[in-house]
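Working notes for the structure below.
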Amino acid sequence: ASPNENCESTDGDNLVDTSSSSSCSSNGPTIRGLAAPAIIVPPGTKLNNDARFPIALLGDWNRVLQSPDITVIADAHDDDDVSSGLIYTEGPLVRNEVVYMSDTVRAVIYRVSSSSSDSEQKQKNDSIGDGEKYYKFEIWATHSGGIDEDDPSSSQPSQYQNLAEPGSNGMATDTLDPKFVVINQHGLHRLIRCRLDDHAPGAPLSECPDLEVIADSFPVSSASRVGNDDQSTATTNTKPLSSLVRLNSPNDVVVHPHDGSIWFTDPIYGLLEKDRFCDEFNCDTGESYLDGKSEIGWQGVYRIDRGEDGRKDDDGSDNGRHAIDLVTKYHRRPNGLALTPDAKRLWVADSTIGSPSWTAYNVTPYLDSTSTTRKASDFLNPALLGSTLGRTEDLPPFTGGEGLSDGFKFDEQGYLWTSIPNGFAVIDTVKREVICQILLGVNTSNLAFGTNGDVWLTGKAGIWKITRRIE
Numbered sequence: 001a002s003p004n005e006n007c008e009s010t011d012g013d014n015l016v017d018t019s020s021s022s023s024c025s026s027n028g029p030t031i032r033g034l035a036a037p038a039i040i041v042p043p044g045t046k047l048n049n050d051a052r053f054p055i056a057l058l059g060d061w062n063r064v065l066q067s068p069d070i071t072v073i074a075d076a077h078d079d080d081d082v083s084s085g086l087i088y089t090e091g092p093l094v095r096n097e098v099v100y101m102s103d104t105v106r107a108v109i110y111r112v113s114s115s116s117s118d119s120e121q122k123q124k125n126d127s128i129g130d131g132e133k134y135y136k137f138e139i140w141a142t143h144s145g146g147i148d149e150d151d152p153s154s155s156q157p158s159q160y161q162n163l164a165e166p167g168s169n170g171m172a173t174d175t176l177d178p179k180f181v182v183i184n185q186h187g188l189h190r191l192i193r194c195r196l197d198d199h200a201p202g203a204p205l206s207e208c209p210d211l212e213v214i215a216d217s218f219p220v221s222s223a224s225r226v227g228n229d230d231q232s233t234a235t236t237n238t239k240p241l242s243s244l245v246r247l248n249s250p251n252d253v254v255v256h257p258h259d260g261s262i263w264f265t266d267p268i269y270g271l272l273e274k275d276r277f278c279d280e281f282n283c284d285t286g287e288s289y290l291d292g293k294s295e296i297g298w299q300g301v302y303r304i305d306r307g308e309d310g311r312k313d314d315d316g317s318d319n320g321r322h323a324i325d326l327v328t329k330y331h332r333r334p335n336g337l338a339l340t341p342d343a344k345r346l347w348v349a350d351s352t353i354g355s356p357s358w359t360a361y362n363v364t365p366y367l368d369s370t371s372t373t374r375k376a377s378d379f380l381n382p383a384l385l386g387s388t389l390g391r392t393e394d395l396p397p398f399t400g401g402e403g404l405s406d407g408f409k410f411d412e413q414g415y416l417w418t419s420i421p422n423g424f425a426v427i428d429t430v431k432r433e434v435i436c437q438i439l440l441g442v443n444t445s446n447l448a449f450g451t452n453g454d455v456w457l458t459g460k461a462g463i464w465k466i467t468r469r470i471e
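At position 284 of the sequence shown (counting the first as 1) the number is 284 in this note's numbering, and the numbers step up by one without a gap.
Structure representation (structure tokens):
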């Protein structure tokens with residue numbers, strides 16, 4: 001049961017309707033939608049009726065984009081059953097010609113795949129067109145955060161029924177075994193991996209083949225829980241340890257291409273409540289209630305060691321768990337993260353409202369448990385970039401509801417492509433230069449690079465695509 005009749009909550013100035021989520025729907029979501037041609041939206045045109053302003057491209061967009069146009073793959077304003085249920089898409093993952101993305105509120109994983117463009121395919125009801133190219137859009141997994149409210153014997157509904165974002169979030173291909181996908185689950189505060197490609201369409205994610213829980217808690221010493229500022233006291237090698245404490249809500253994730261270690265952020269956005277879908281000054285009180293809901297006491301960035309030594313206790317015995325190392329707890333709202341093309345640096349976005357930033361950490365010190373040089377190596381924010389991200393001078397000041405510095409990726413040239421308030425930006429981290437901004441006028445969350453220059457974009461009530469230049 002929701003806290004109000006319509007299962008609606010406010011996200012800043014924007015109404016977020018959660019009535020289509022698994023938390024509010026007793027009949028379950030429709031798996032496939034009606035046929036609808038994709039729409040090409042040029043700059044100067046509103047992306048949809050709820051957009052705050054027409055699409056605008058700022059800066060040298062021609063340097064990185066093949067075209068300024070936006071392709072709408074799916075939109076909640078469409079009439080078909082699947083698209084109309086879109087609430088907030090996140091965590092896109094490209095695997096060959098298939099793209100997966102989470103809906104954190106609706107608690108489903110969508111799947112978009114290429115289809116043939118012949119006349120027979122155009123008549124099918126589960127595809128959408130993009131010129132001569134068609135896509136099949138479907139709900140691939142339900143209950144993606146691990147909460148099954150349709151099971152009357154489950155104790156989960158009463159415990160989790162008020163969560164605003166009970167679904168999955170970030171996903172990454174497991175480089176140790178590419179048949180597996182690592183998935184962050186808000187609902188059960190954990191990371192899992194399974195063979196997502198082989199999942200039965202429309203089934204609960206709990207039925208994903210070979211599902212394995214990677215992590216759901218962190219060993220915390222009593223010293224670190226009472227505010228000891230030395231974060232090294234919270235590593236798995238420190239004694240004594242008081243207990244395993246539940247993670248907040250694992251958000252974004254990457255798997256290192258060389259050693260298979262898993263790096264993830266653990267903010268508190270998965271603890272948002274339906275009737276208080278706000279953070280910081282978006283809330284009526286001017287404060288955030290979320291910080292007090294964290295059992296672990298901070299919002300961290302972590303590394304999971306998946307080598308043989310990472311599963312051993314001090315006496316050398318296999319404990320059956322992967323060791324989790326706290327990379328940093330010095331971010332207020334850690335969110336997106338990504339490795340540079342050479343995999344030597346990890347960048348982390350901080351989504352503190354009004355203070356977007358990106359911080360770099362050298363990977364090497366975290367491979368050595370005795371290292372004493374575990375600290376940030378680089379930093380970017382609007383002041384260092386000399387740019388206000390997410391708005392033009394003729395737009396009104398931010399209210400706090402326009403979105404955040406959330407998910408991002410690095411391209412082959414080392415340029416950082418990131419979500420920002422109202423859209424996306426491409427940043428040269430070496431020159432500390434904003435190359436361009438792609439302002440859509442809607443809240444955005446993340447992106448993923450596909451084939452042939454495709455860039456898949458996620459955010460509020462939609463899935464979109466742009467095309468980048470390939471050198």
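Beta carbons are placed, not taken as given, at the ideal position from N, Cα and C, and that holds for glycine.
| Asked | Found |
| --- | --- |
| Skipping 5 residues on each side, what residues in its chain have a beta carbon closer than 7 Å to that of Lys293? | Ile268, Leu271 |
| Count the other CB atoms within 10 Å of the CB of Leu93; is the residue buried (16 or more) or exposed (fewer)? | buried |
| Find out if the Cβ-Cβ distance for the pair Gln299, Arg246 is shorter than 8 Å. | no |
| In or out: Ile147 buried (at least 16 other Cβ within 10 Å) or exposed? | buried |
| Could you spell out where the beta strand (DSSP E) holding Ala74 opens and where it closes? | 70-75 |
| By how many angstroms is the C-alpha of Trp140 removed from the C-alpha of Pro204? | 9 Å |
| Kindly indicate the opening and closing residues of the beta strand (DSSP E) around Arg380. | Residue identity differs from the one stated: residue 380 is Leu in this sequence, not Arg. Per DSSP, Leu380 belongs to the beta strand (DSSP E) from 376-380. |
| On a Cα-Cα basis, can you pick out the residue from Thr467, Ala461, Ser102, Lys465 that is closest to Asn49? | Ala461 |
| For Ile109 and Thr359, what's the separation of their Cα atoms in angstroms? | 29 Å |
| Can you give me the C-alpha to C-alpha distance between Thr45 and Pro54, rounded to a whole angstrom? | 5 Å |
| Output the residue ranges of the beta strand (DSSP E) runs that lie fully inside the region 157-193 and measure 3 residues or longer, sorted by chain position. | 168-173, 181-185 |
| Pro166 to Trp263, Cα distance in whole Å? | 21 Å |
| Which two residues bound the contiguous beta strand (DSSP E) that contains Val94? | 89-95 |
| Using the beta-carbon count (16 or more within 10 Å), is His143 buried or exposed? | buried |
| Exposed or buried, what is His256 when buried is set at 16 or more other beta-carbons lying within 10 Å of its beta-carbon? | buried |
| Alpha carbon to alpha carbon, how far is Pro421 from Leu211? | 35 Å |
| Taking Cβ to Cβ, would you say Val99 is nearer than 8 Å to Trp456? | yes |
| Applying the criterion that 16 or more other CB atoms from any shown protein chain within 10 Å of the CB defines a buried residue, is Pro3 buried or exposed? | Any reading at Pro3 must be qualified, since the residue scores a pLDDT of 25, below 50, and its modelled position is unreliable; no value is offered. |
| If you reduce the DSSP assignment to three classes, tell me which class Ser249 lands in. | coil |
| Taking the C-alpha atoms as reference points, what is the distance between Ile304 and Thr89? | 26 Å |
| Kindly confirm or deny that the region 425-444 and the region 363-377 touch, where touching means at least three C-beta pairs closer than 8 Å. | no |
| Across the region 67-86 and the region 170-185, are there enough close Cβ pairs to call them in contact, namely three or more that are closer than 8 Å? | no |
| Would you please state the rounded distance, in angstroms, between the beta carbons of Ile463 and Ile438? I believe it to be under 8 Å. | Not a contact, Cβ separation roughly 15 Å. |
| Quick one: give me the first and last residue of the beta strand (DSSP E) that Val217 is part of. | Looking at the sequence provided, one finds Ser at residue 217 rather than Val. 217-220 is the extent of the beta strand (DSSP E) around Ser217. |
| What does the alpha-carbon distance come out to for the pair Thr399 and Ser351? | 15 Å |
| By DSSP, does Asp60 sit in helix, in strand, or in coil? | coil |
| So Glu433 is in the beta strand (DSSP E); what residue range does that whole segment cover? | 433-439 |
| State buried or exposed for His258, treating a residue as buried only when at least 16 other CB atoms are found within 10 Å of its CB. | exposed |
| Compute the beta-carbon to beta-carbon distance between Lys344 and Val363, rounded to the nearest angstrom, for a pair I have assumed lies under 8 Å. | 6 Å |
| Once you ignore the five residues that flank Leu389 on each side, which residues in its own chain have a CB closer than 8 Å to its CB? | Pro356, Pro382, Ser405, Ile420, Pro421, Ala425, Val434, Gln437 |
| For Asn452, which of helix, strand or coil comes out of DSSP? | helix |
| Considering only residues of the same chain and omitting the five flanking positions on each side of Tyr366, which have a CB-CB separation below 8 Å? | Arg303, Asp325, Val327, Arg374 |
| CB Val64 to CB Arg469, shorter than 8 Å? | yes |
| What residue from Arg391, Thr458, Asp411 has the CA that sits closest to Gly59's CA? | Arg391 |
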